[in-house]
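Heads up: the sequence shown runs through residues 614 to 790, numbered per my numbering.
C-beta: ideal position from N, C-alpha, C; glycine also.
The structure displayed is predicted, hence computed values, not measured ones.
Taking it in order: structure first as structure tokens, then the write-up.
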Amino acid sequence: MKKGVSCLQYYKSPCGEMVLASVDDELCLCDWNDMPCSERNMRRVMRMMRVEFTRRSSDVIQRAMGQLDEYFTGSRMTFDIPLHLCGTEFQKRVWLSLPYIPYGETRSYKDIAVGIGQPNAVRAVAQAIGANAISFLVPCHRVIGCNHTLTGYAGGLDAKKKLLELERRESFTQPYL
């Protein structure tokens with residue numbers, strides 16, 4: 614087992630229940646609860662970090678919950694929580710590119726593939742995005758199909774649509790700097 618404190622806590626969002634987990638001072642999971650992909654993501658994170666999560670909170674989980682509250686009320690567009698990404702080097706490159714999608718905007722899987730310098734890796738990009746275990750903070754909901762359609766999302770397409778509508782509505786009320 615990895616040394617350090619591993620914590621797990623649940624968070625009720627307007628789009629559904631989330632599960633957040635941390636090890637030491639880094640968030641390693643922020644995913645939809647009771648979804649097949651979230652269970653797979655949690656097992657992968659536990660295996661890669663060699664931890665078992667204990668249901669309790671941590672400072673980083675509390676900060677993440679506070680920032681999620683702000684996000685859902687429209688007063689936060691970016692997150693500044695320390696993250697521990699559990700994946701392959703390719704997955705991490707994809708995930709690290711997603712926070713660069715501006716709040717209220719979307720990009721296609723092809724755009725992401727081109728952006729990371731692998732224009733022919735569209736399917737691999739889609740698979741990496743599907744394996745994202747840190748929803749919202751690594752904003753995979755901002756990735757759509759090349760024909761501007763909503764495509765798969767761990768929280769379901771209704772949740773993805775609500776998140777994009779929230780961001781579009783709030784981005785128009787923000788003052789230009």
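Excluding the 5 residues preceding and the 5 following residue i in the sequence, name in chain order all residues of the same chain whose CB lies nearer than 8 Å to its CB.
i	result
M614	Bear in mind that a pLDDT of 44 at M614, under 50, signals an unreliable position, so the number given afterwards is only what the model happens to contain. Excluding positions up to five away in sequence, the list reads R663, V664 and E665.
P788	Legend: pLDDT at P788 = 41, less than 50; position of this residue unreliable, no value from coordinates given.
L790	Note that L790 scores a pLDDT of 34, beneath 50, so its modelled location is shaky; the value from the coordinates is reported in the next line. There are no such residues.
P695	D638, E639, L640 and V673
I714	R720, P752, R755 and V756
N646	Y623, G629, E630, M631 and V632
Closest by CA to residue i, which one among the options?
i	options	result
C699	A746, D693, P715 and Q675	A746
D711	L779, I757, A634 and G768	The amino acid occupying residue 711 in the given sequence is Leu; Asp does not appear at that position. Checking every option, the nearest Cα to that of L711 belongs to I757.
A741	K773, V707, I729 and N760	V707
So is residue i buried or exposed if we call it buried at 16+ other beta carbons inside 10 Å?
i	result
R755	buried
P732	exposed
N654	buried
S635	buried
S671	buried
With the cut-off set at 9 Å, would you say residue i and residue j are in Cβ contact?
i	j	result
D771	C620	no
T764	Y722	yes
Could you name the residues of the same chain whose beta carbon sits closer than 7 Å to that of residue i, not counting the 5 residues immediately before and after it, in chain order?
i	result
Q704	A741 and A744
R689	Q680 and E683
A767	D644, W645, M648, C650, S651 and S748
S626	L681 and F685
Worksheet item: What residue ranges within the region 696-738 form continuous beta strand (DSSP E) runs of no fewer than 3 residues, ordered along the chain?
Response: Qualifying beta strand (DSSP E) stretches: none in this window.
Worksheet entry | Whole runs of the alpha helix (DSSP H) within the region 650-689, excluding any shorter than 4 residues | 672-685
Worksheet item: Along the chain, which unbroken stretches of the alpha helix (DSSP H) at least 4 residues long are found entirely within the region 734-783?
Response: 735-743
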